[in-house]
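Peer 1: Below you will find the structure I want to go over with you.
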Amino acid sequence: MEQTVSTAQRAFLPHRFGDQHLSSRKSPESRKPLDLWVAPEGAGEPLICVATSFTFDASFFETECIGRFLQMDTHPSESSSVAYLIEREEKLAAAKVCALVDRRHARDKMSLRWDVLGVLVPRGILHSKVSLLAWGNHVRVIIGSGNLTEPGYRKNLEVFGVIDASRSTGGDVTAINATLAFLDSAIDSALGENGEDTAKTRVRQSVAEVRRRVSRWTDVAGLQQPIFGTRQVSVITQVGAHWPGGGPPRSASIVSPFFDKPGRDRLAIGKVIDLLAKRGKRSIEFSVRVDQNPDGSRRVFAPKGMVDDARRVCSVSVYPVTGRQGEDVRSLHAKMLMLKSEQVSALLIGSSNFTAAGIVGSDTFGNLEANLLYIIKSTDSRANALEKLWPETGESLDLDASDLIWNPEPEEAEGGDLIPLPACFRDATFAPGAPSRLIVALGSDLPKSWTIRVPHGRKLLGSAEGIGAGRHTIEWDESSPPFVLEVSWGTVIGEAVSDWPVNVGNPAELPPPDELRGLGLEELLAILSSTRPLYDAVSRVLAGRTQKPKQDIDLDPLKRHDSQAMLLRRTKRVSAALDHLRERLERPALTKEAYEWRLRGPVGPLALADAFVREATLPGEAGFYLAELALAISRVNPSAVIVGGLSRSVVKGCLASTIAEAKRRIEGLSSMEDTKSLDSYIQAAFGQAEAK
14 MEQTVSTAQR
24 AFLPHRFGDQ
34 HLSSRKSPES
44 RKPLDLWVAP
54 EGAGEPLICV
64 ATSFTFDASF
74 FETECIGRFL
84 QMDTHPSESS
94 SVAYLIEREE
104 KLAAAKVCAL
114 VDRRHARDKM
124 SLRWDVLGVL
134 VPRGILHSKV
144 SLLAWGNHVR
154 VIIGSGNLTE
164 PGYRKNLEVF
174 GVIDASRSTG
184 GDVTAINATL
194 AFLDSAIDSA
204 LGENGEDTAK
214 TRVRQSVAEV
224 RRRVSRWTDV
234 AGLQQPIFGT
244 RQVSVITQVG
254 AHWPGGGPPR
264 SASIVSPFFD
274 KPGRDRLAIG
284 KVIDLLAKRG
294 KRSIEFSVRV
304 DQNPDGSRRV
314 FAPKGMVDDA
324 RRVCSVSVYP
334 VTGRQGEDVR
344 SLHAKMLMLK
354 SEQVSALLIG
364 SSNFTAAGIV
374 GSDTFGNLEA
384 NLLYIIKSTD
394 SRANALEKLW
404 PETGESLDLD
414 ASDLIWNPEP
424 EEAEGGDLIP
434 LPACFRDATF
444 APGAPSRLIV
454 ALGSDLPKSW
464 TIRVPHGRKL
474 LGSAEGIGAG
484 RHTIEWDESS
494 PPFVLEVSWG
504 TVIGEAVSDW
514 PVNVGNPAEL
524 PPPDELRGLG
534 LEELLAILSS
544 TRPLYDAVSR
554 VLAGRTQKPK
564 QDIDLDPLKR
574 HDSQAMLLRR
584 TKRVSAALDH
594 LRERLERPAL
604 TKEAYEWRLR
614 GPVGPLALAD
624 AFVREATLPG
634 EAGFYLAELA
644 LAISRVNPSA
654 VIVGGLSRSV
664 VKGCLASTIA
674 EAKRRIEGLS
684 SMEDTKSLDS
694 YIQAAFGQAE
704 AK
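When we follow the working numbering, the leftmost residue of the sequence shown carries the number 14, and every step to the right adds one.
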């Protein structure tokens, strides 16, 4: 088990201290924060990702974060777009991914294969940055200050911590379960319908599945303690409760990019002062952003009232965090609180700014926050690592200097002054099918005037039509399903506009990407016969469309009419493809969804069955190939599949239903006098396949 803490936007490879890992900004070896999304060795297949964020970049999240979690070989900037789309489709069909985002910023998504849920916190914001990553044999929790954006993982000065547990060695299961409970509370605040085939139900099931998996793993106490904040549960109160005996802390050091404006700026510092010793030497240090103004003055991004309150009871220093951290220019976004006594050091890292909503909370305000608390004795060699995590700063400020302008930036200003989509716009769900449908769930208290439309396109619903609360179904006849809708509504200050992410009802019913639709029989045979990864095999076949004309028919007029020779040639190709298909169906599978995609996906046995029927040119040909397909499916060894975790009964049920669907495809085929012997073989073959 390991815990990793990293600062500077280049996170660093951990120094090893016994069985714990703490990483240092001054380490000569570097580790990028995105590396935390890469599966550890032996982690197994990706299963579940649930991540929270305040601001959000859907494109970055999908390509950089999810791509690493899914262990994808392709990237849109390095691979053909077709290869990336195909691999993304295959990998996401086997995993469940959901981003829980503060509704101000839950405005975008890139695919219906993963979900976005907007979270609306009354009198607060969803500010936590938690990523739950579950592979077949490993679970990782990432908690830090960085949002799911490119600045959060590549440009800012950030801090991250990690909790790991594995099937073989165990881990801090208690800390992981605390994280799961916090995610449950975040889901409670998410907008969306409950019930079958909804994104909210899927993410609840994902959290429950991780809880079930780790319940059987060895629980090994870690160095870190998760500290989660809500309106009812104060972060700073929990820090005080975890402080060990032996005397209170005598110093506090604070790093924060955001503080409260005057009026609420003294609540957080008052709580910290309450934790410090009441007699003897006490000190507080602030490391904050300081900008040089054109007129020569300096803006200090902290409130003067907070500093003055601290100066009344202890010595105070304020340090400007330098723009250059090591070799890189970084914007401060890390949040850290260090408490120290002569015996103990405690470091809090995570999402909580030094604000009332971030670390204090009350019955009337408070954010959803996530942090990790590390407590180390001063005699422990690891205590020095905590000091090295601090950002580089300049000389301490003269707190009475006349050129200082004390003007903090509130945390709500991060990402712009966006108005959240009102809670009455509850859920937008795409239901694939024939016909496909868009289901819009509206609550009460709708604005007086509002409109929902396709972005840059047609109007779907609106107040002008007298639409009220309820579930509204719209038939969707466009070729591509919607990823987002555009909502406009009237406010007291004018019209507001927000995009509204659409989630899918049942992901298993999603149509394949356009690139995988309409694959011909010969193309499917070439793909299934290939030993290359699926995305590579499909890309090569599709590239071949533009390189040479498709010729399945021999140009020799005599051979063209030799039906037996033609059937024999194709049968050889079919036989090779069916052998590889059986091998593909025998690969270990962790989830029923993953296995169903292999069977029902665009290059699975049912797609092949449809091509057999569609492109048959000879009497009895389609029935013969369908029978051979049924026999190939019946020869799949369930023992090989269940190594991944599926039960034998589920595998056998999936295979049996696929054989049954293949059989239904012969019901509409005509029979002729000269194919009666072949018809007898087909019936016998299906009988044999169904008997297994």
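Glycine included, every Cβ here is placed at the ideal spot set by N, Cα and C.
#1: My output table needs one value for Phe699: the three-state DSSP class, helix, strand or coil.
#2: Should Lys294 go down as buried or exposed, given a rule of 16 or more other Cβ atoms within 10 Å for buried?
#3: From Gly137, Ala71, Pro59, pick the residue whose C-alpha is nearest to that of Pro433; which is it?
#4: Contact defined as beta carbons within less than 8 Å: I believe Pro261 pairs with Leu288. What is the distance between those atoms, to the nearest angstrom?
#5: Under the three-state reduction of DSSP, which class applies to Thr214: helix, strand or coil?
#6: Nearest-angstrom Cα distance between Ser543 and Ala550?
#7: Can you find a heavy atom of the ligand HEM that lies under 7 Å from the Cβ of Val467?
#8: Between which two residues does the beta strand (DSSP E) carrying Ile388 extend?
#9: What does DSSP give as the partner residues of Asn306 in its beta bridges?
#10: With C-beta atoms as the reference, is Ile249 less than 8 Å away from Lys284?
#11: Since Ala675 is in the alpha helix (DSSP H), which residue starts that stretch and which ends it?
#12: DSSP three-state call for Arg244: helix, strand or coil?
#13: Can you find at least 3 beta carbon pairs, one from the region 46–57 and one from the region 165–182, that sit closer than 8 Å?
#14: Counting C-beta neighbours from all protein chains within 10 Å, is the total for Ala221 16 or more, i.e. buried, or is it exposed?
#15: State yes or no: is the C-beta of Leu498 within less than 8 Å of the C-beta of Ile465?
#16: Report the three-state DSSP secondary structure of Asn190 (helix, strand or coil).
#17: Exposed or buried, Gly681, counting other C-beta atoms within 10 Å across all chains shown (16 or more means buried)?
#18: What's the gap between the Cα of Gly157 and the Cα of Ala383?
#19: Between the region 130–150 and the region 359–377, can you find at least three pairs of beta-carbon atoms closer than 8 Å?
#20: What runs of the beta strand (DSSP E), each 3 residues or longer, lie entirely inside the region 249–300?
#21: Exposed or buried, Gly531, counting other C-beta atoms within 10 Å across all chains shown (16 or more means buried)?
#22: Measuring straight from C-alpha to C-alpha, what distance separates Ser409 and Ser310?
#23: Count the C-beta pairs between the region 60–72 and the region 94–113 that are closer than 8 Å, then say yes if the count reaches three, no if not.
#24: Does the CB of Ala359 have a neighbour CB from chain C at under 8 Å?
#25: On a Cα-Cα basis, can you pick out the residue from Glu425, Gly518, Ile506, Glu405 that is closest to Ser449?
#26: DSSP beta-bridge partners for Lys109?
#27: What does a CB cutoff of less than 6 Å around Ile389 pick up in its chain, not counting 5 residues either side in sequence?
#28: Could you tell me which residues DSSP pairs with Gly363 in its beta bridges?
#29: Spatial neighbours of Pro435 within its chain, please: C-beta separation below 6 Å, excluding the five flanking residues on both sides.
#30: Alpha carbon to alpha carbon, what distance is there between Pro445 and Leu523?
#31: Mind the definition here: the region 176–184 touches the region 91–100 only if three or more C-beta pairs lie below 8 Å; say whether that holds.
#32: Whose C-beta lies closer than 6 Å to the C-beta of Lys676 among residues of the same chain, with five residues either side of it excluded?
#33: Compute the Euclidean distance between the alpha carbons of Leu417 and Val334, then round it to the nearest angstrom.
#34: Which residues in the same chain as Gly481 place their Cβ atom closer than 8 Å to its Cβ, once the five residues preceding and following it in sequence are excluded?
#35: For Glu298, which residues in the same chain have their Cβ closer than 8 Å to its Cβ, ignoring the five residues on either side in sequence?
Peer 2: This is what the structure gives:
#1: helix
#2: exposed
#3: Gly137
#4: 6 Å
#5: helix
#6: 6 Å
#7: Because no ligand of any kind appears in the structure shown, any question about the ligand HEM cannot be addressed here.
#8: 382–390
#9: None, per the DSSP bridge assignment.
#10: yes
#11: 661–677
#12: coil
#13: yes
#14: exposed
#15: yes
#16: helix
#17: exposed
#18: 8 Å
#19: yes
#20: 264–268
#21: exposed
#22: 16 Å
#23: yes
#24: Any reference to chain C falls outside this structure, which holds one protein chain only.
#25: Gly518
#26: Ile61
#27: Ser358, Arg395, Ala396
#28: Asn384
#29: none
#30: 6 Å
#31: no
#32: Phe699
#33: 15 Å
#34: Leu455, Leu459
#35: Ser264, Ala265, Ser266, Ile267, Val329, Ser330, Val331, Tyr332
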